[in-house]
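I have placed the structure first, in the form of structure tokens, so that the comments after it can refer back to it.
As structure tokens, then:
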């Protein structure tokens with residue numbers, strides 16, 4: 095299936111946005127201002143480069159916090175040169191973010207306005223504050239309206255562009271369909287759970303997606319557990335293929351393979367994986383039914 099990620103236009107917009115502070119930096123009044131502008135340009139440029147690899151870093155952490163801090167610093171250090179940038183807070187609060195980040199952005203916006211208001215006549219300061227408050231409310235309202243759509247998109251979308259890796263919720267929806275398929279086609283299907291280390295997780299996730307067939311799906315259950323739905327002509331060939339797959343994947347901590355006809359629920363299989371005893375080397379307990 096063709097990727098639904100529209101990253102090309104987003105990357106272009108980020109690069110064009112990075113060009114603005116990069117062009118402004120040489121004309122800065124002082125070193126601090128120039129440094130902040132170069133940092134803003136660098137953040138936007140690096141974001142453009144990493145837009146397809148956001149799955150490798152945790153979302154909603156200091157990487158997202160940086161533009162808010164940079165905007166605050168610019169407005170505090172050079173308020174007379176960047177007053178119009180005050181309205182950028184309305185755009186920042188519309189970004190996907192946790193509640194604490196929204197609160198922080200509101201506080202930083204208020205701090206920025208208060209700093210700029212010292213140099214304004216009282217009526218102008220009051221008017222700008224009212225306009226900023228209205229824009230922030232509109233931004234928060236828009237972000238709240240988009241939150242359900244983002245949740246649906248995250249449940250439907252691949253976890254990583256170009257990688258056949260789906261979230262846990264998708265596996266729960268796929269299990270009944272795959273059970274019906276193996277009964278209809280008369281093939282052997284099994285659910286394979288793999289427990290790996292956190293440092294090797296994305297490497298082995300990529301390897302798993304590469305080693306499985308295009309019509310077989312792979313899943314991320316949590317930060318250490320992968321799953322795959324494998325189809326083979328019979329149980330004997332399934333065992334041989336699983337052995338080849340594990341040899342190509344490299345060391346894992348635990349493995350559990352259960353025929354789809356015996357899978358009652360995903361939660362039960364995950365609990366069974368947790369109960370498996372760990373040995374010195376990789377534990378490979380397989381339920382053939």
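Numbering (my numbering), first residue to last: 95 to 383.
For glycine and all other residues, C-beta sits at the position ideal for the given N, C-alpha and C.
Being a predicted model, the structure only gives us computed values, none of them experimental.
In angstroms with no decimal places, state the Cα-to-Cα distance between residue i and residue j.
i, j, result
"residue 302", "residue 287", "11 Å"
"residue 319", "residue 116", "43 Å"
"residue 357", "residue 158", "40 Å"
"residue 221", "residue 142", "36 Å"
"residue 341", "residue 310", "19 Å"
"residue 131", "residue 196", "23 Å"
"residue 291", "residue 316", "11 Å"
"residue 237", "residue 192", "11 Å"
"residue 215", "residue 170", "18 Å"
"residue 135", "residue 366", "50 Å"
"residue 182", "residue 173", "14 Å"
"residue 272", "residue 266", "11 Å"
"residue 120", "residue 127", "10 Å"
"residue 239", "residue 188", "10 Å"
"residue 343", "residue 105", "33 Å"
"residue 118", "residue 335", "59 Å"
"residue 190", "residue 209", "27 Å"
Find the nearest neighbour of residue i within the set the options, judged by alpha-carbon distance.
i, options, result
"residue 283", "171, 103 and 327", "327"
"residue 133", "180, 185 and 167", "167"
"residue 269", "108, 324, 174 and 118", "324"
"residue 109", "127, 140 and 118", "140"
"residue 205", "289, 336, 190 and 226", "226"
"residue 223", "239, 178 and 257", "178"
"residue 363", "344, 293, 289 and 307", "289"
"residue 346", "294, 312 and 174", "294"
"residue 122", "175, 188, 189 and 207", "175"
"residue 137", "280, 126, 106 and 160", "160"
"residue 258", "209, 272 and 312", "312"
"residue 185", "343, 235 and 105", "235"
"residue 285", "350, 344 and 308", "350"
"residue 102", "129, 144 and 207", "144"
Is it buried or exposed for residue i, if we count other Cβ within 10 angstroms and need 16 for buried?
i, result
"residue 154", "Any reading at residue 154 must be qualified, since the residue scores a pLDDT of 45, below 50, and its modelled position is unreliable; the value itself is stated next. Residue 154 is exposed by the Cβ-count criterion."
"residue 162", "buried"
"residue 218", "exposed"
"residue 314", "buried"
"residue 361", "exposed"
"residue 180", "buried"
"residue 359", "exposed"
"residue 165", "buried"
"residue 194", "exposed"
"residue 306", "buried"
"residue 338", "exposed"
"residue 114", "exposed"
"residue 112", "buried"
"residue 125", "exposed"
"residue 375", "Caution applies to residue 375, whose pLDDT of 34 falls short of 50 and renders its modelled position unreliable; the value that the coordinates give is listed next. Exposed."
> Are at least three pairs of beta-carbons, each pair with one atom in the stretch 328-341 and one in the stretch 256-267, less than 8 Å apart?
Replying inline: Under the 8 Å Cβ criterion, the stretch 328-341 does not count as touching the stretch 256-267, having fewer than three qualifying pairs.
> Is it true that the stretch 220-234 meets the stretch 197-208, where meeting means three or more beta-carbon pairs spaced less than 8 Å apart?
Replying inline: Cβ pair count under 8 Å is three or more, so yes.
> Three or more beta-carbon pairs under 8 Å between the stretch 292-311 and the stretch 354-373, yes or no?
Replying inline: Fewer than three pairs of CB atoms, one per stretch, sit closer than 8 Å, so the stretch 292-311 makes no contact with the stretch 354-373.
>> Check whether the stretch 309-327 and the stretch 289-300 are in contact - that is, three or more C-beta pairs closer than 8 Å.
In response: Taking 8 Å as the limit for Cβ pairs, the verdict is that the stretch 289-300 does touch the stretch 309-327.
>> Please give the ranges of any alpha helix (DSSP H) in the stretch 244-322, keeping only runs that are unbroken, at least 4 residues long and fully inside the region.
In response: Runs of the alpha helix (DSSP H) spanning 4 or more residues and lying entirely within the stretch 244-322 occur at 262-279 and 295-305, in chain order.
>> Does the contact criterion of 3 or more C-beta pairs under 8 Å hold for the stretch 266-279 versus the stretch 348-357?
In response: With contact defined as three or more Cβ pairs closer than 8 Å, the stretch 266-279 and the stretch 348-357 are in contact.
>> If we require 4 or more residues per run, which alpha helix (DSSP H) segments fall completely within the stretch 343-373?
In response: You should have 360-369.
> Hey, which unbroken runs of the alpha helix (DSSP H) at 4 residues or more fall wholly within the stretch 176-251?
Replying inline: Counting only runs of 4 or more, we get 182-186, 193-211 and 216-250.
> If you scan the stretch 115-146 from start to end, which runs of the alpha helix (DSSP H) of 4 or more residues do you find wholly inside it?
Replying inline: Counting only runs of 4 or more, we get 125-144.
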